[in-house]
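Under our numbering, the first residue of the sequence shown is numbered 0, with each subsequent residue one higher.
Glycine included, each C-beta is placed from N, C-alpha and C at the ideal position.
Notes follow the structure.
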Amino acid sequence: MTRPPRPAKPKGARGQGRRLVQLEAELAETRAKLARAEASLQEFEKGGVEAYAARRIAVLEEGQQVARGQAVEAAIAKSRAEGELKALRDAIGKVPGFHGWLLRKAVKKLDGQ
């Protein structure tokens, strides 16, 4: 038993309205990019090459410092997680009886041993 095909919906003003909104958003984004490019060009023309380069280098150095900070935070988080994992594995290893055996077996299966 198959379904009959759906009748085609006529594309009316509604579909065109969505496309118009999409195009207007794209136009606004392009205008913003153009404004930023023009501002950058004017800044370059006013201050010369040295001032423009100095500002760009300062911005890049700031970004580099942020990236270093994030890398340090990630290393600390990794170290903390590894410590918690070790503590959890030790606790699982100390569980007595049948439940401990099941937990250790599950850990071995998860580790791929």
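**Prompt:** Looking at the unbroken alpha helix (DSSP H) that takes in V106, where does it start and where does it end?
**Reply:** For the purposes of this step, residue 106 is taken as the residue at position 107 of the sequence shown. Its alpha helix (DSSP H) spans residues G96 to D110.
**Prompt:** If you draw a straight line from the alpha carbon of G99 to that of I75, how long is it in whole angstroms?
**Reply:** Looking up residue 99 in the sequence shown gives position 100. Looking up residue 75 in the sequence shown gives position 76. Roughly 31 Å separates the two Cα atoms.
**Request:** Could you tell me the distance, in whole angstroms, from the CA atom of Q69 to the CA atom of Q63?
**Result:** If you number the sequence shown from 1, residue 69 lands on position 70. If you number the sequence shown from 1, residue 63 lands on position 64. So the two alpha carbons sit approximately 10 Å from each other.
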